Structures are given as structure tokens and as C-alpha cells.
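Below is one structure, written out as C-alpha cells, with a few remarks after it.
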Amino acid sequence: MSRIHLLPDALINQIAAGEVVERPASLVKELVENALDAGACAVEVTLEQGGVRRVRVKDDGHGIAREELALAVMRHATSKLHTAEDLERIATMGFRGEALAAIASVCRLTITSRARGSEHAWRFDAVSGELAPAALESGTVIDCTDLYYNTPARRKFLKSESTEYAHCEEALRRVALARPEVAFALSHNARSVLHLKPGTPQERLAALLGEKFVEHSRPIEAAAGPVRLFGRVIEPRHAGENRPLQYWFVNGRFVRDRMLNQALRQAYADVLHGSRQPAFALFLTIDPALVDVNVHPAKIEVRFRDSQAVFRFVLDAVRRALAPSRIVLEQEQNDGGEAAAAPSESPPSRQPSLSYTAPRDAPGSRTPTYPAAFPSAPAGSRVHDAAAEAAYLAFARAALAPTQGMTETSFAARAKASPFDAPAPTAEFASDDAMATPPLGYALAQLHGIYLLAQNAAGLVLVDIHAAHERILYERLKEAWDRTPNVQRLLVPLVLAVDAREYATWDEHRSTLERLGFDIGALGPGQLAVRSAPALLAQGALEPLVRALLHELSEMPQSLAVESFRDKILATMACHGAVRANRPLTVPEMNALLRAMERTERSDQCNHGRPTWVQLSLTELDRLFLRGR
Ligand SMILES: Nc1ncnc2c1ncn2[C@@H]1O[C@H](COP(=O)(O)OP(=O)(O)O)[C@@H](O)[C@H]1O
Ligand SMILES: [Mg+2]
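Quick note, the sequence shown lines up with residues -17 to 611 if you use the working numbering.
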């Protein structure tokens, strides 16, 4: 047996580095946070090869005195914490005195710094321990090169350059969001990527999350005692259109917190379709004594003293911010929740039928009276959405066009090209021949673009078109998962402008995408070309589908196999592939849907557990009219 012995310092630092330095992005985070703690007004980040070759952070903060340079890279050396009481009220980003020591143990690190008031700067080389005079106008430059040069085993865990770069950029964005008054610049491989001028929180949000996010989101501003919440949350109907940007900050620190996310999810619960994700950037400030940031070495988790109180406060503040959409809420309630199935379409044609806008708690509003329950506007006054109409016409033409090599009249060809991929009997079929009526009957009409009405032996069948189609696609995709997918080549590749994160996700998950039936190649940095797609989905809108998929994949924890995400990924694909509400369908298409439902297992429930169809028997109808039979 070997004897117990104390580990050498260098080894202890390397062990600690495992927690603090996960990848180049960790260097960006720690070094930029140090710059901010030093009171910097401008921070410049220079990366090479995704940060693996170099991460250099320059600031104009107060600098480090010559005699403290060597100390800065020692473990547990910090200028930010003095007593145990300090630990109870942390106001700086750093306090553990670990980052520089950890970083210095896994790369070649030099610090050049000029403390305020000193005649010139000094440069400290952490590898050789050398200290020499240097030239620097002010502030500090920390230069880290060759990450993991001395720990090759860890080097192997690094991903591609583009992936590592994307994480670095994201790390900087997170810090920059919380500090709009500081200027930030980022360059990668000598190319300037980001340039953020100091500005208002609003300007910083727009610069980093896009004007669209600001336009489609609501402001939040709430305070209660020691807690304050501000920021923006996406309007429910815009949720999920873009990859969700979700940022929680507690006292200026980006955090992941289940309780905060839970509060947010609950605030959106009535208004958001299950699989959609709200985008938000929320900043919570709280008396530092009421929150513990010393939970995790990377300080990405926090613990609230009274998490129930914070939960209720956040829930209430977000709910109130979303409240002006009460009208929408009422409408969705009247619709039995259908509108929530496709919030992004927010069908304009249904606006006129919105006949009561009384607040929820007004007397009598719970049981709508006649004027409320009936559409107040005649059907003719529907607002016409030209774009939706054109989109549908293109879809229908594509869906019903004969496939190549078959004659125009070929029934099989039509059936094959139908979006529901099933034989499509004609309407005449429906009128007689009750004996042969299939279980779900034959289509009669489409109601408000949402429901399909069909007649079967028992009476009337009502089908939620989107939900039913989604379910069918989902079941088919599941079947296809274990086989080679049926792939359709696109005549014209779909070119997508992507951001660094989407690009990196594509790069990392190529084999999964291929397995799903997508052939996607790169045209250059920031551009992808979709050359083929799964045949089941190729007729739908591919761009949002591919984006949603990339987003889904980027959220996958690396430690889990794709298999464990199969259902989630396929559900996303099905949702995007399914016929959207408000798309008129032809009678043959509707019949095809009914037949496909009959042939699909579990087709009577949508992926979110709601029914996809209901039967109203003749007896039930008779009862509605007090008709004795
Ligand atoms: N950019 C910088 N400007 C001024 N001082 C710095 C800078 N970076 C690090 N330091 C000093 O080095 C010390 C150690 O840094 P670090 O290891 O990150 O620990 P911590 O930030 O937790 O104190 C800090 O407490 C600070 O005094
Ligand atoms: Mg630090």
C-alpha cells in the first residue's frame, strides 16, 4: 500500500482546473469577469483557433501592482475577499481566488499590467516565473496560449474549432448582456466579430439578441423589498419562432436555476404551446446577503435564502408583464386551447370573432352568454391574409401534383403526393354506401381552417387537423428512425444564414442529422445548404424546421446518447411538418388524413396529450335540439 502524502501544488491546481476550466470559453468568462471586477470600461477579447491556441483579454481597469503579479496566479489568492462575513455578501464576480491559478496550470500564461500611478507596466510569465518591465498604457493584458499543452488527455475532449469558438462567443455575450455600460470587442483569427459600444440595457439587448427580440418582447420592471426584476420576455405568440434565447442573471451573473425557470414556465403555462420555449433576458437583483453564489466553482448556480418568495415574485412579475394579452387568453379559452397549438400563426381571420374582452374576473365572464359565444362578425368579413393564402396555394400545388414518371390521372400518384400519404377517395364516395363507411367516415368540410368535419356511421366526427397530422407524422418518424430514412432531394438547395452556435451544432451533429434524413453542407462560415430532407417532411416549410432541429440538438447534454433524445427531436420535426392551422384543405386531402388516422397507432391523441378527434353521435346532436327520436 502506498502511503498518504500531500499533493504538490502544481497537481492540486490542475485538479482544481478541472472544475474551473472546462474549455476555452471558461477562460473567456473568468478573464472578462476579472476585467470587470477591476473596473474596466472597455474589454477586448482576442481568440485564435477557437481559443485553444490563444485567449487574450485586455482591459483598462485598475491593474495589478508589480509585487502582486506573482501572487495573482497563486491558488486562494484574491483581493476581493477578506473575512468570512464578506463571503455572505459578495458584490464582485470573483472571490474564490482560483481562476488564474487554475488557468495558469493548464496553459502558458503571461500577465502584463500597469497599476494606476505606476511609471510603467510589468510583465509576469507564469511558466518561467520571470518578471520584466513592459510597455502598456494602462490596465491589464492576460494572455493564455496553448490550452492543455501539458495535459494532453484533456486536450482530447476539446471539440472542433468552430464549436469551441461558439462557446467562447456565447460566454462573452452573457457577460456583455449584463454590463451594457462597458464596451466589448471580440476578434477571432484576426477577424473582428463583435463590437459593442457602451449603451443602455435596451440597446445592448437589441445588439446581442436582435431588434426582433426587442420588438416582439414585453418589458418587465418589478420590485419588492430587496428584490428587483427587469428585462424582457417574449410575447407568447412569438415564442419558438427563433431559437430561444434564454438568459437569467442574478446580481449581474449569468446563472442556470431550476426554480427561476420553473417560475417562468408557470407564468407562460396558459399561453404557450407545450413544446415551445419562451425567449427572455431577465435580470434579478437581490441583496447579496439573501443569495449564496458560492455553490459551484464556475459560479453558474446560486442558492436563494428564501427561494419560495423569489419564485412567487418572479411568477407574479412575469405574469403581469404578459397580462395585456388577456384578450388572447380569453380567446384561447373559448377555443378550448386550440390557438395554443399554433400560436405563431395567430390566425388573423379569427380576430373578428373575438367578441368579448371583459376582464377575467368581471361578473358573468366565466359563463359566456350568447353574444360572447357566437362570432359577432359574419364569415364574409374575415381578414384576408394574402401571404398565407399564397403559401397554401404553393403547398397544395406541390402536394397534389403528380410525381415524376407517373401520368397526371394516376390515382396512386396523387395519393403518394398527398401530404398525408394515403389513398384519397373523392367526395362522391361519401354520399352513399354507408355499409362501407370507414370508422372515421368521410370529410364534409373544414371549419375555420382548424377543424375537419366528417360524417361516419354514428354521426359527426370533428378532427383537430394540425394535432392529428402531427401525431401521424410523429408515429411515422418513429417507425422510420430504425430504418434508412426515405429521403427527398430538393430541386433547389435551401440556403440558410446561421449564427456561430447553429453552425457549430450542425458541425457537431452531422451524423444525427444524416440519420434523420437531412443532407446539409456548409457553403462557408455562417451559411448552410440543405440539399435533401426526409421525404415525409420535405413539402413543409423547411427553414423553421431545420432551425428548430439545430436548436434542439444544441440543447442536448453531451453525455447523453442521441437515442435518449429521439422522441423530443422527432416531436419537433412532426410539429413543424404538420399542416398548420388555417390552411384550407381539399376534400380528398381531408379524406386522406382520416384514412391515415385510422391506420396510425395512438392517433387519437396528439403529442401533447390532447384528443385529436371527437365523435358527436346523432343521439347527442338530437339532444341538443330537444328532438325525440
Ligand atoms: N484584469 C485584472 N485586473 C486587475 N486585477 C486582476 C485582474 N485579473 C486578476 N486580477 C487580480 O488577481 C486576483 C486573482 O484573480 P482570480 O484568480 O480570478 O481570483 P478572483 O477573481 O476570484 O479574486 C484577483 O483577486 C485580482 O486582484
Ligand atoms: Mg476571477
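Cβ atoms here follow ideal geometry from the backbone N, Cα and C, with glycine treated the same way.
Quick caveat, the model's predicted, so the values are computed rather than measured.
If you draw a straight line from the alpha carbon of Glu1 to that of Gly503, how long is it in whole angstroms? Distance between the alpha carbons of Glu1 and Gly503: 35 Å.
Among residues of its own chain, excluding the 5 on either side of Val273, which ones have a beta-carbon nearer than 8 Å to its beta-carbon? Val232, Asn233, Val284, Arg285, Phe286, Arg287
Count the other CB atoms within 10 Å of the CB of Arg487; is the residue buried (16 or more) or exposed (fewer)? The residue asked about is misnamed: residue 487 is Thr in this sequence, not Arg. It is buried - the Cβ of Thr487 has at least 16 other Cβ atoms within 10 Å.
Inter-stretch contact (C-beta, 8 Å, three-pair minimum) for the stretch 520 to 534 and the stretch 421 to 431: Verdict: no, contact absent.
Test item: CB-CB of Ala515 and Leu472 under 8 Å: Yes, these two residues count as a Cβ contact at 8 Å.
Going by the C-beta, is Leu154 closer than 7 Å to any heavy atom of ligand 3? With respect to small molecules bound, the structure shown includes ligand 1 and ligand 2 and not ligand 3.
Counting only the same chain and skipping the five closest in sequence on each side, list residues whose C-beta sits under 8 Å from that of Gly111. Ala52.
Hey, how far is the Cα of Arg71 from the Cα of Glu4? Going by the C-alpha atoms only, they are around 27 Å apart.
Excluding the 5 residues preceding and the 5 following Asn171 in the sequence, name in chain order all residues of the same chain whose CB lies nearer than 8 Å to its CB. Leu29, Glu30, Gln31
What are the boundary residues of the beta strand (DSSP E) that Gln437 is part of? 433 to 438
With a cut-off of 8 Å, does the C-beta of Asp128 fall near any C-beta of chain B? Absent here is chain B; the protein component of the structure consists of one chain.
Use the C-beta contact count for Gln259: other C-beta atoms within 10 angstroms, 16 or more gives buried, fewer gives exposed. Its Cβ being crowded by 16 or more others within 10 Å, Gln259 is buried.
Is any heavy atom in ligand 1 found nearer than 7 Å to the beta carbon of Lys179? Every heavy atom of ligand 1 is 7 Å or more from the Cβ of Lys179, so no.
Among all residues, which have a Cβ less than 5 Å from at least one non-hydrogen atom of ligand 2, and in what chain order do they fall? Asn16, Gly76, Ala81
According to DSSP, simplified to helix, strand and coil, what is Glu283? coil
Proximity test, His44 beta-carbon vs ligand 1 heavy atom, cut-off 7 Å: yes
In the DSSP output, which residue or residues are listed as bridge partners for Ala515? Gln470
Closer than 7 Å to a non-hydrogen atom of ligand 1 - does that hold for the CB of Gly79? yes
In chain order, what residues of the same chain lie with their CB nearer than 7 Å to the CB of Glu15, ignoring the 5 residues before and after it? Met75, Gly76, Val157
Between the stretch 555 to 572 and the stretch 261 to 269, can you find at least three pairs of beta-carbon atoms closer than 8 Å? no
Residue(s) in a DSSP beta bridge with Trp595: Val445
Are the beta-carbon atoms belonging to Ala86 and Ala114 less than 8 Å from one another? no
His177 (DSSP reduced to helix, strand or coil): DSSP, reduced to helix, strand and coil, places His177 within a strand of the structure shown.
With DSSP as the reference, identify every bridge partner of Gln509, one or two as the case may be. Assignment of beta-bridge partners to Gln509 by DSSP yields Ala479, Gly506.
Name the two residues that bound the continuous beta strand (DSSP E) containing Gly559. Not the beta strand (DSSP E): Gly559 falls in the alpha helix (DSSP H), residues 548 to 559.
Beta bridge counterpart(s) of Trp230 as assigned by DSSP: Val237, Leu264
Examine the Cβ distances between the stretch 55 to 66 and the stretch 80 to 95 and report whether three or more of them are shorter than 8 Å. Result yes; three or more Cβ-Cβ pairs closer than 8 Å.
Would you say the beta carbon of Thr60 is closer than 7 Å to some non-hydrogen atom of ligand 1? yes
According to DSSP, simplified to helix, strand and coil, what is Asn316? Residue placement at Asn316 is poorly supported in this model, since its pLDDT is 43, which falls under 50; the coordinates still yield a value, given next. Looking at Asn316 - three-state DSSP - the assignment turns out to be helix.
At the level of alpha carbons, what is the spacing between Ala425 and Leu444? 10 Å
Examine ligand 1 and report whether any of its heavy atoms sits within less than 7 Å of the Cβ of Ala83. yes
Kindly indicate which residue of Glu151, Arg38, Leu606, Ala7 has the alpha-carbon position closest to the one of Glu484. Checked all of Glu151, Arg38, Leu606, Ala7; the closest Cα to Glu484 is Glu151.
Could you round the C-beta distance between Pro467 and Gly499 to whole angstroms and report it? I think they count as a contact, below 8 Å. Going by Cβ atoms, the distance from Pro467 to Gly499 rounds to 3 Å, so yes, they are a contact pair.
Given a cut-off of 8 Å, decide if Arg105 and Ala116 are closer than it, judged by their beta-carbon atoms. yes
Using a threshold of 8 Å, state whether the C-beta atoms of Leu304 and Val253 are closer than that. yes
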